[in-house]
Amino acid sequence: MDDLRELYQETILDHSKRPRNFRGMKEANRRANGHNPLCGDRTTVYLHVEDDVVRDVSFEGSGCSISTASASMMTDALKGMTLSEAKDLFDRFHALVTADPSRTAPAPAGLGKLAVFAGVHEFPMRVKCASLPWHTMKAALEGGDRASTE
Amino acid sequence: MTRVAPPDATFDVEAIRREFPVLRETVRGRPLVYLDSAASAQKPQPVIDAEREVYERSYSNVHRGVHHLSMVATESYEKARGKVRRFLGAAASREIVLLRGTTEAVNLVAQAYGRAHVGAGDEVLVTGLEHHSNIVPWQLLCGEKGAALRVAPIDDTGEVDMAAFERLLSPRTRIVSVAHVSNALGTVSPVRRMTELGHAAGAVVMIDGAQAAPHLAVDVQAIGCDFYAFSGHKVYGPSGVGALYGKAALLEAMPPWQGGGDMIASVTFEKSTWNELPYKFEAGTPNIAGGIALGAAIDWVDKVGLGAIAAHEHELLEYGTGLLERLPGLRLVGTAREKAGVLSFVLDGIHPHDVGTILDYDGIAVRTGHHCAQPVMDRFGIPATTRASLACFNTREELDALARGIGKVQEMFK
Numbered sequence: 005m006d007d008l009r010e011l012y013q014e015t016i017l018d019h020s021k022r023p024r025n026f027r028g029m030k031e032a033n034r035r036a037n038g039h040n041p042l043c044g045d046r047t048t049v050y051l052h053v054e055d056d057v058v059r060d061v062s063f064e065g066s067g068c069s070i071s072t073a074s075a076s077m078m079t080d081a082l083k084g085m086t087l088s089e090a091k092d093l094f095d096r097f098h099a100l101v102t103a104d105p106s107r108t109a110p111a112p113a114g115l116g117k118l119a120v121f122a123g124v125h126e127f128p129m130r131v132k133c134a135s136l137p138w139h140t141m142k143a144a145l146e147g148g149d150r151a152s153t154e
Numbered sequence: 123m124t125r126v127a128p129p130d131a132t133f134d135v136e137a138i139r140r141e142f143p144v145l146r147e148t149v150r151g152r153p154l155v156y157l158d159s160a161a162s163a164q165k166p167q168p169v170i171d172a173e174r175e176v177y178e179r180s181y182s183n184v185h186r187g188v189h190h191l192s193m194v195a196t197e198s199y200e201k202a203r204g205k206v207r208r209f210l211g212a213a214a215s216r217e218i219v220l221l222r223g224t225t226e227a228v229n230l231v232a233q234a235y236g237r238a239h240v241g242a243g244d245e246v247l248v249t250g251l252e253h254h255s256n257i258v259p260w261q262l263l264c265g266e267k268g269a270a271l272r273v274a275p276i277d278d279t280g281e282v283d284m285a286a287f288e289r290l291l292s293p294r295t296r297i298v299s300v301a302h303v304s305n306a307l308g309t310v311s312p313v314r315r316m317t318e319l320g321h322a323a324g325a326v327v328m329i330d331g332a333q334a335a336p337h338l339a340v341d342v343q344a345i346g347c348d349f350y351a352f353s354g355h356k357v358y359g360p361s362g363v364g365a366l367y368g369k370a371a372l373l374e375a376m377p378p379w380q381g382g383g384d385m386i387a388s389v390t391f392e393k394s395t396w397n398e399l400p401y402k403f404e405a406g407t408p409n410i411a412g413g414i415a416l417g418a419a420i421d422w423v424d425k426v427g428l429g430a431i432a433a434h435e436h437e438l439l440e441y442g443t444g445l446l447e448r449l450p451g452l453r454l455v456g457t458a459r460e461k462a463g464v465l466s467f468v469l470d471g472i473h474p475h476d477v478g479t480i481l482d483y484d485g486i487a488v489r490t491g492h493h494c495a496q497p498v499m500d501r502f503g504i505p506a507t508t509r510a511s512l513a514c515f516n517t518r519e520e521l522d523a524l525a526r527g528i529g530k531v532q533e534m535f536k
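Sequences listed follow chains A and B, in order. Using my numbering, you'd call the opening residue of the first sequence number 5 and step up by one each time. Using my numbering, you'd call the opening residue of the second sequence number 123 and step up by one each time.
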């Protein structure tokens, strides 16, 4: 039960039921749509970037608890970050959720609350749920407007 | 709600379970509760043995050789075709094309029949219940030809609106293609009536029987349809083999679909001539061992009795429906008066993906998502459902476990 409790632990359940920054953004100057065709999770990420700093970030969409919680916690973490810090956070989060379950490597540092997603790598079928909002955010920052988990 | 009859004492489900080696597997130490037969069925030992024995004792390419093994393999393969003919109630073996599965069958008809008979301004009629494999080939055909795809809507119970179906038939309808049983909702459609109506409008009628063949007796002559397709892997047979039934006159008139070896009578660089039915539509080396094992699967189903299987599954469906209906926060999707083998549902505030993961943790295998039927999901305004589907080896205890598992999911998300 430990793995499951880790995946669905308090913080993740809280963010999935009460997602933070769950709104559109009229003044967004970066946005992208993300879609996981396997399960139908959809997300749109909005960012307002000024002087290379993320001033505001929000998301809309529908999906499972893992993707919703991931998006919610991502938006909390990104506010105030520079673009290069955001890119770096993406890499660390991605490494966390795609870690090979058979290798006991230490979790990447500097993830703060996002470290709760460490449990996702035990559920390979859910990795894409966790990473969808992040791929979408990355696509938005890179100027593309569409992301997919494929 | 109808009173649920006690389990049929003559159907020995424990004996049947012992024939399925995979049911001895455990998932994280828990027994496997396999409720995903609508996606693909498990295989009983005789089917596994039949396929292995082909490779161990009699394997050879079919239809061409003069040596002993090729004769044995050919006989076994053609015997399997005969079994498929009887399974579907077709008149002749030449009306049975063996191919990869239902999806391939629909594509074959859309291309080899559709291209020659559907033109600009013509129509193809399907229903709102269809699996993507009975939508996309027709979309491709209509796109190619400038024809229109018409869709008979479904009502809130998941039944086809037959009045609308009738209204949508027109002198321009060339092809009607419908699912016998819905894989997403379990609805059993009135295919005999649909065939009559389609014929009255001058159309040919194709039936997607992938979800029907494991659950009810199919008689293509009684239905009167022009084409009927099913997949071996759903009827306890191997994957990669299935069949298309087509009326001989139609198949004769159709041009070949795939070109290659076996479907020819003679080949020169100037011209090739085609083999007779059904080989005209069977280019290349087929799934030989798979076809023979499909015959073994049909034998096995005959031995157990499709009627007995249907009765057992029906009783389970009633039991399961009753269990799930009583769970607060659960809504059944697909409540047609006549259903087969499928319990699709949504839970308030909980995404099916999460339901599936938590159930899987306890060894319960269900399917979550759109089930290759996105239009069905759209019709009910939901992104996905959780689907538990039944086979001959499922038990009431397994449905009890499903209900307990759902309770656990709801507890976790309170």
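Here a beta-carbon is modelled for each residue, glycine too, at the ideal position from N, C-alpha and C. This one's a predicted model, so the numbers in the text were calculated from it and none came from an experiment.
Annotation for B:L210: V340, V342, Y350, Y367 place their beta carbon closer than 7 Å to its own, counting only its chain and skipping 5 residues before and after. Within the segment 311-324 of chain B, not one residue has a Cβ closer than 8 Å to any Cβ of chain A.
For chain B, the residues of the segment 125-152 of chain A that bring a beta carbon within less than 9 Å of one of its beta carbons are F127, M129, R130, C133, in chain order. Straight across, the Cα-Cα distance linking B:L262 with B:L271 is about 10 Å. Looking only at A:R22, A:D18, A:W138, the smallest Cα-Cα distance to A:K91 is reached by A:W138.
Neighbours of B:F535 across chain A, judged by C-beta separation under 9 Å: Y12, L17, S20, K21, S69. Taken in chain order, the members of the segment 64-94 of chain A whose beta-carbon sits within less than 9 Å of a beta-carbon on chain B are S66, G67, C68, S69, I70, S71, T72.
With respect to the 9 Å criterion, B:A419 and B:V357 are classified as neighbours on the basis of their beta carbons.
At a cut-off of 9 Å between C-beta atoms, B:D424 does not count as an interface residue with respect to chain A. For B:D500, the enclosing alpha helix (DSSP H) begins and ends at 496-501. If you check the CB distance, B:S353 and B:V327 do not come in under 9 Å. In this chain, the alpha helix (DSSP H) harbouring B:N229 covers 224-230. Taken in chain order, the unbroken stretches of alpha helix (DSSP H) that lie wholly in the segment 307-360 of chain B and span 4 residues or more are 313-322, 342-345. Using a 10 angstroms sphere on the CB of B:S159, the tally of other CB atoms reaches 16 or more, which defines it as buried.
Using a Cβ-Cβ distance cut-off of 8 Å, the segment 66-81 of chain A and the segment 39-51 of chain A are in contact, since at least three pairs of beta carbons, one from each stretch, lie closer than that value. When only Cα atoms are considered, B:A462 and B:V303 end up about 7 Å apart. Three or more Cβ pairs closer than 8 Å define a contact, and the segment 156-170 of chain B meets that threshold against the segment 507-516 of chain B.
In the three-state reduction of the DSSP assignment, B:R208 falls in the helix class, which pools H, G and I.
Pairing A:L87 with B:R501, the inter-Cα distance amounts to about 41 Å. Residue pairing by DSSP places B:I386 opposite B:W396 in a beta bridge.
The C-beta distance from B:H321 to B:A495 rounds to 27 Å, too long to fall under 8 Å, and the pair is not in contact.
With a cut-off of 8 Å on Cβ pairs, the segment 302-319 of chain B is not in contact with the segment 170-178 of chain B, counting fewer than three such pairs. In this structure, DSSP gives B:G236 a helical state, which the three-state scheme calls helix.
Listed as beta-bridge partners of B:E374 by DSSP are no residues whatsoever. The shortest C-alpha to C-alpha distance from A:G44 to any of B:D476, B:I480, B:I528 is the one to B:D476.
Secondary structure note for A:D60: its beta strand (DSSP E) is the uninterrupted segment 57-66.
For A:G123, no Cβ of chain B is located within less than 9 Å of the residue's own Cβ. Under the Cβ distance rule, B:Y483 counts among the residues neighbouring chain A, one pair being separated by less than 9 Å. According to the DSSP secondary-structure assignment, B:L465 is paired through a beta bridge with B:A510. Looking from the CA of B:P378, the closest CA among B:G364, B:F403, B:V248 belongs to B:F403. None of the residues of the segment 429-449 of chain B has a beta carbon lying less than 9 Å from any beta carbon of chain A. Between B:P275 and B:V282, the gap from beta carbon to beta carbon is short of 9 Å. When the beta-carbon positions are compared, B:V248 and B:V273 come within less than 9 Å of each other.
When DSSP states are grouped into helix, strand and coil, B:T249 belongs to the strand group.
Taking 9 Å as the cut-off, the beta carbon of B:F142 is found closer than this to the beta carbon of B:Q167. With a cut-off of 8 Å on Cβ pairs, the segment 443-454 of chain B is in contact with the segment 524-532 of chain B, counting three or more such pairs.
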